[in-house]
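Residue numbers (my numbering), protein chains in the order written: chain P, -9 to 332; chain G, -9 to 332; chain S, -9 to 332.
Below you can see the structure in the form of structure tokens.
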């Protein structure tokens, strides 16, 4: 990409202080600014960098008043952070977009797709699959029998979609994600072996969902594993059979949710959290990284710890825990003194 | 699929109470029952749902006696849960089964396969590979030089099998699993760099093993990493070089087993468990989710905790731990009282 | 492979005690030694096995003096362990090496590659990609627009490289690894939804790096996520956006490093470690398995625990923790006694 300051300011409805004809071709962080790039200053903690940055252009809040001369051209906007996000959207939209059907790919005669799709080389579209408008299927994606992919959804290279999966509109599925693999269900036999319980349900992913690289979401034993509208899931997350994750919940990397549990809406799960099976988690719950959740959790809770506790309580417990040697010493010293007196 | 109640009852040797000519085309949970589906009632906790379910047909134990009229047709069988599992088997067998060799695929002239195989488009079968009878190799699977896949084994899309891997009969390998990647072995050098120790062993997977999506099993440095008969491994599990997992052990998602450790037979490892290297775990051991195992473990142990403890002991410790602030308060109150008296 | 003892001894500049004309075709561990194989004895703990091993040939240190007759032929070398590592290198070099371009593969006309490359069937090389000398791209690898792969780097089957990634020389990327997927960045909206913050940075991997199977490394929001020279990363590891991992650091399986954190050089991270975002970790730091790191860490630290502590301190705390029920009992017994007296 290449934009002039004039073009960017027009797009952002911003005011230019400095040279309007400079051309920039990338963005950078203010502390790592390079010539030819645009950066931004939103957090006052970083103010000092604006006098030193080598970026040619800085987005600033209209309220920003320099205390020293600034070498870079400034573009003043209402909210520098949001303006940057808009510019990054613009940048991504300016990138070349994959279109059409590459050869060789495997598209079952018995599948349907809109004219406006990208199907990359070596993609595999099985019988009965339906791809919506503007869908992008990158190379090495496998879409099993009867799956449906909604408009504008992008599935990156090598993601695997088992049969009968339903994926909504405006979703992003990252490389290597697996959706619809068998739930982990086995019946113990008298001889110590396990017999597979067939997993005949599916996965339903609603609209505006993002699913990270190499994340796995198992199909339901019966019925559906469900990921609701607006959920964002990071890399290497495990979602087991018959789980339901409600609207606008965010799940960080390497977290696992065991079978038949429900996670409410508006929750935030840190990295490496583990949720046991058959648990109900309310709405707007926050779990710190590595929390282990073995019981139901009420709405609006904030939880931490190997066995999830209320976070304030956890911090109190932890404050004593980390000084246990001192407590131990003080107690047995006192005890010895008392014992020696009696 | 479409079956009549008459057909299902005949298959299950069950007794019909109600309309024999109803057709069902799916199964559902009793609390979510839908018209056109069959459900089951095995656990008395769910009895109340049978009077409300919208499923057309309910499998019940012969011993079940309704307390009110039931709208659904009943099929009475010896064990409703097992009958359901059999029906799910029947259902899965009724699904269209992939057969034959799709084009384009890459099959080395120097490999062998039975006539009764499925080799999906874009699958890659390298030199010296041998595929048994009824093997199913889904699209994007890579099978490296000299690997052997036993009869009836299914390898789902995009799984990667490194050279010289031996996989037994009746196994299921899910999408994205990687078997035989290099063990993590490096020798530190004087200059701070690490030199790779070549990993020249392989992986042996015996019969009736299931391996979850995106799970990784490294080859041995020398000799073999071994997964014994009947082992079931969930998604995103790590099995390092030279590990041996014995018969009928079950490992839940995101667990990791470090190099050269041995896990006995009949064990159950919860999710996100970590087993250190060079550890020996006995038979019939159970680890709760997130357990950290740093020492050898005896047969029949039940263990929990960040540093694995006997579970009963862990619960006792935890009961004190979670109330540490109270203990702390009580102790220092007492101490102050005593100190002030002396 | 097949080598005679004479050939091996000449290669290692070792001294033979026994039959020089024996042929070996594999290596084995001394306790599992099989006819036709070579083994080694480096650790005196294993001395007893040399009198029983069925391996035909044993590499021993020059200083080794048998106490009983040894059936196997000995090759005496300066350092048996290093000699073995050299032999394993020799063995791997003797294996058939993939060369040339297999059909069908997808190679953009607008990409460049040296003549000496391997590009496997179903590999996908997008526009602007540059592959160095002796690069090996296995089947099902996807290399996005503008990525550069340095000389002698090997990318195993199904790894996915997003656009604009830079990978250095002599790297090994294992099967299923994903490099350059979007960082996990979303801005909360007033209606509870999250808006994607476009991720326009990339990933830079320097020389001599190894990246394990199904590991994921996200691109930077802006700028670069950086993996420095000589870093070794195991399987199923998560490296988030804008992380920097410095020279010769080693990271075991299932560890996760959250956004914008920096890990120093010469560090060792055990398995299932979690590092929070925006953390700075010094050089030569060691983290035990499952450590949770929520604060900056100084050079040369050794840390353990759910909330990382100095390891010696952790062990002291843990020694009290595991006996908490006793402390509890002793305290409340004492308290009752005192209370009853007053």
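Cβ coordinates follow ideal geometry from the N, Cα and C atoms, glycine included.
Report task. Using a Cβ cut-off of 8 Å (strictly closer), state whether residue 270(S) contacts chain P. Result -> Residue numbering aside, residue 270(S) sits at position 280 when the third chain is read from its first letter. Closer than 8 Å: no.
Query raised in the report: Can you tell me whether residue 149(G) is buried or exposed, with buried defined as 16 or more other CB within 10 angstroms of its CB?
Result: For this step, residue 149(G) is matched to residue 159 along the second chain. Classification for residue 149(G): buried.
Query raised in the report: Cα separation between residue 43(G) and residue 62(G)?
Result: Numbered from its first residue, the second chain carries residue 43(G) at position 53. Numbered from its first residue, the second chain carries residue 62(G) at position 72. Cα to Cα, the separation comes out at about 8 Å.
Query raised in the report: Fully enclosed by the segment 35 to 113 of chain P, which beta strand (DSSP E) runs are 3 residues long or longer?
Result: 47 to 51, 63 to 67
**Report entry** Interface residues of the segment 96 to 123 of chain S facing chain G [CB-CB below 8 Å]
**Finding:** 110, 111, 112
Query - Closer than 7 Å at the beta carbon, the chain P residues around residue 29(S) - result: Your numbering for residue 29(S) matches position 39 in the third chain. Per Cβ cutoff of 7 Å: no residues; residue 29(S) is ~35 Å from chain P at best.
Query - Strand pairing of residue 284(G), partner residues [DSSP] - result: For this step, residue 284(G) is matched to residue 294 along the second chain. Answer is none; residue 284(G) lacks a bridge partner.
Requested in this report: Give the residues of chain G in contact with residue 177(P), contact being defined as C-beta atoms less than 7 Å apart.
Outcome: Counted from its first residue, the first chain places residue 177(P) at position 187. Here the neighbours are 75.
Query raised in the report: Where do the ends of the beta strand (DSSP E) carrying residue 328(P) lie?
Result: Translated into the one-based positions of the first chain, residue 328(P) becomes position 338. Per DSSP, residue 328(P) belongs to no beta strand (DSSP E); it is in the alpha helix (DSSP H), 314 to 331.
Report task. Using 10 angstroms around the beta-carbon of residue 316(G), count the other beta-carbons present and answer buried if the total reaches 16, otherwise exposed. Result -> In the second chain, the residue the question calls residue 316(G) occupies position 326. It is exposed - the Cβ of residue 316(G) has fewer than 16 other Cβ atoms within 10 Å.
Query raised in the report: If residue 18(P) and residue 203(G) are in contact, beta carbons under 8 Å, what's the gap, nearest whole angstrom?
Result: Along the first chain, read from residue 1 onward, the residue named residue 18(P) stands at position 28. Along the second chain, read from residue 1 onward, the residue named residue 203(G) stands at position 213. So it is not a contact: roughly 38 Å between Cβ atoms.
Query - Residue-chain proximity (residue 320(S), chain P), Cβ-Cβ < 8 Å - result: Here residue 320(S) is taken as the residue at index 330 of the third chain, counted from 1. It does; some Cβ of chain P falls within 8 Å.
Report task. Answer yes or no: do residue 101(G) and residue 118(G) have a C-beta to C-beta separation smaller than 8 Å? Result -> What you label residue 101(G) is simply residue 111 of the second chain in a count that begins at 1. What you label residue 118(G) is simply residue 128 of the second chain in a count that begins at 1. Going by C-beta atoms, residue 101(G) is nearer than 8 Å to residue 118(G).
Requested in this report: Confirm, please, whether the CB-CB distance from residue 252(S) to residue 234(S) is below 8 Å.
Outcome: What you label residue 234(S) is simply residue 244 of the third chain in a count that begins at 1. What you label residue 252(S) is simply residue 262 of the third chain in a count that begins at 1. In contact: residue 234(S) and residue 252(S) (Cβ atoms closer than 8 Å).
Requested in this report: Could you tell me which chain P residues have their CB closer than 9 Å to the CB of residue 226(G), listed as they occur along the chain?
Outcome: By 1-based counting over the second chain, the position of residue 226(G) is 236. Ordered by position in chain P, the residues that pass the 9 Å Cβ test against residue 226(G) are 204, 205, 206, 226, 227, 228, 244, 246.
Query - Min CB distance residue 67(S) to chain G below 8 Å - result: The residue labelled residue 67(S) in the question sits at position 77 within the third chain. No, no contact with chain G.
Query raised in the report: Among the residues of its own chain, which have a CB less than 6 Å from the CB of residue 263(P), if the five just before and after it don't count?
Result: Residue mapping note: residue 263(P) aligns to position 273 of the first chain, counting from 1. Cβ within range, chain order: 245, 277, 281.
Query - Short-range partners of chain G found in the segment 283 to 317 of chain P, where Cβ spacing is below 7 Å - result: 296, 297, 299, 306, 307, 310, 311, 317
Query - Where residue 301(S) sits in the DSSP three-state scheme - result: For the purposes of this step, residue 301(S) is identified with residue 311 of the third chain, where counting begins at 1. In this structure, residue 301(S) counts as helix in the three-state DSSP scheme.
Report task. Let me know if residue 311(G) comes out buried or exposed under the rule of 16 or more other beta-carbons within 10 Å of its beta-carbon. Result -> For the purposes of this step, residue 311(G) is identified with residue 321 of the second chain, where counting begins at 1. So residue 311(G) counts as buried.
Requested in this report: Along the beta strand (DSSP E) that carries residue 177(G), what are the first and last residues, could you check?
Outcome: Position 187 of the second chain holds residue 177(G). Residue 177(G) -> beta strand (DSSP E) spans 176 to 178.
Query raised in the report: What is the rounded straight-line gap between the Cα of residue 65(G) and the Cα of residue 190(P)?
Result: Counting from 1 along the second chain, the entry for residue 65(G) is found at position 75. Counting from 1 along the first chain, the entry for residue 190(P) is found at position 200. C-alpha separation (whole angstroms): 21 Å.
**Report entry** Residues near residue 127(S) by beta carbon distance below 8 Å, same chain, minus five either side
**Finding:** Position 137 of the third chain, counting from 1, holds the residue named residue 127(S). Excluding positions up to five away in sequence, the list reads 107, 108, 109, 110, 113, 115, 121, 133, 139, 145.
Query raised in the report: Would you say the segment 174 to 184 of chain S touches the segment 165 to 180 of chain P, given that touching needs at least three Cβ pairs under 8 Å?
Result: no
Query raised in the report: Going along chain S in order, which residues have a C-beta closer than 8 Å to the C-beta of residue 187(G)?
Result: Indexing the second chain from 1 puts residue 187(G) at position 197. Under the 8 Å cutoff, chain S gives 75, 78.
Query raised in the report: Can you tell which of 57(G), 26(G), 98(G) has the C-alpha that lies nearest to the C-alpha of residue 40(G)?
Result: The sequence position of residue 40(G) within the second chain is 50, counting from 1. The option with the nearest alpha carbon to residue 40(G) is 57(G).
Report task. Decide if residue 323(G) is buried, meaning its Cβ has at least 16 other Cβ atoms within 10 Å, or exposed. Result -> The sequence position of residue 323(G) within the second chain is 333, counting from 1. Flag for residue 323(G) reads exposed.
Query - Alpha carbon of residue 89(S) to alpha carbon of residue 157(S), nearest angstrom - result: Here residue 89(S) refers to the residue found at position 99 of the third chain. Here residue 157(S) refers to the residue found at position 167 of the third chain. Their Cα atoms are separated by approximately 20 Å.
Query raised in the report: For residue 194(S), is the classification buried or exposed, using 16 other Cβ atoms within 10 angstroms of its Cβ as the cut-off for buried?
Result: Within the third chain, the letter at position 204 stands for residue 194(S). Classification for residue 194(S): buried.
Query raised in the report: Just the Cα atoms here: how many angstroms apart are residue 200(P) and residue 267(S)?
Result: Position 210 of the first chain, counting from 1, holds the residue named residue 200(P). Position 277 of the third chain, counting from 1, holds the residue named residue 267(S). Each residue's alpha carbon lies about 20 Å from the other.
Query - Below-8 Å beta-carbon distance, residue 147(G) vs any chain S residue - result: On the second chain, position 157 is the one that residue 147(G) refers to. No, because no Cβ of chain S sits closer than 8 Å to the Cβ of residue 147(G).
Query - Exposed unless 16 or more other CB atoms sit within 10 angstroms - verdict on residue 129(P) - result: Translated into positions along the first chain, residue 129(P) becomes position 139. Buried: at least 16 other Cβ atoms inside 10 Å.
**Report entry** Residues that residue 25(G) contacts on chain P, provided the C-beta gap is smaller than 7 Å
**Finding:** The sequence position of residue 25(G) within the second chain is 35, counting from 1. In chain order: nothing, as chain P lies at least about 15 Å away.
Report task. Flag residue 81(G) as yes if its beta-carbon sits less than 8 Å from any beta-carbon of chain P, otherwise no. Result -> Along the second chain, one-based indexing puts residue 81(G) at 91. So yes, residue 81(G) belongs to the interface.
Report task. Compare the C-beta of residue 190(S) with all C-beta atoms of chain P and state if any pair is closer than 8 Å. Result -> Here residue 190(S) corresponds to residue number 200 of the third chain, with the count starting at 1. True, the Cβ-Cβ gap to chain P drops below 8 Å.
Query - For residue 307(P), three-class secondary structure by DSSP - result: By one-based count along the first chain, residue 307(P) stands at place 317. Here residue 307(P) sits in helix by DSSP.
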